[in-house]
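Colleague:
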């Protein structure tokens, strides 16, 4: 037997003022997107904002449906919008934040597996890492240099072409 180890590094900030101005703006845009969320069932609102290499900012928020699988997470709303509107432009950075009804989320929340896999497609398509910024409603901010931080053994297209 051989043991395979992986490590991940996330930069943690205690205040948004420690971020670059571009990252601060992107996080603020994600917080604004939370207010467009439609989450009457989970009461867990997610906002996302991404900036493309051309400087365009795209926002997304989770949109629930009574038939749960029919809803869509904020990250996929934004990334699919980017892919449809700017198919040849890579995503530079994505910021994600949350707000729950009834309690305060005071730590960063990572994206679900389906969102991470969908986001990873853009790293693969453009052969370029996508930075991720995460913050709860309050509290510390996490910044990762690539999606591999969250899913180091992600499914890649070369697995389909063997």
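In my numbering, the protein residues as written are 5 to 166.
Idealized CB from N, CA, C, for every residue including glycine.
Note that the structure is a prediction, hence the values are computed from the model and not measured.
Tell me whether residue 24 sits in a helix, a strand or coil according to DSSP, three-state version.
Modeller: coil
Colleague: Tell me whether residue 60 is buried or exposed, calling it buried when 16 or more other Cβ atoms sit within 10 Å of its Cβ.
Modeller: exposed
Colleague: Are three or more beta carbon pairs between the region 42 to 54 and the region 10 to 22 nearer than 8 Å?
Modeller: They do not touch, by the three-pair rule.
Colleague: Determine the burial state of residue 108: buried for a count of at least 16 other Cβ atoms within 10 Å of its Cβ, exposed for fewer.
Modeller: exposed
Colleague: Quick check on the DSSP output: what are the complete beta strand (DSSP E) runs of length 3 or more inside the region 92 to 155, in order along the chain?
Modeller: 95 to 104, 135 to 139 and 145 to 148
Colleague: Can you check which of these residues, 32, 95, 68 and 64, is closest to residue 57 by C-alpha distance?
Modeller: 95
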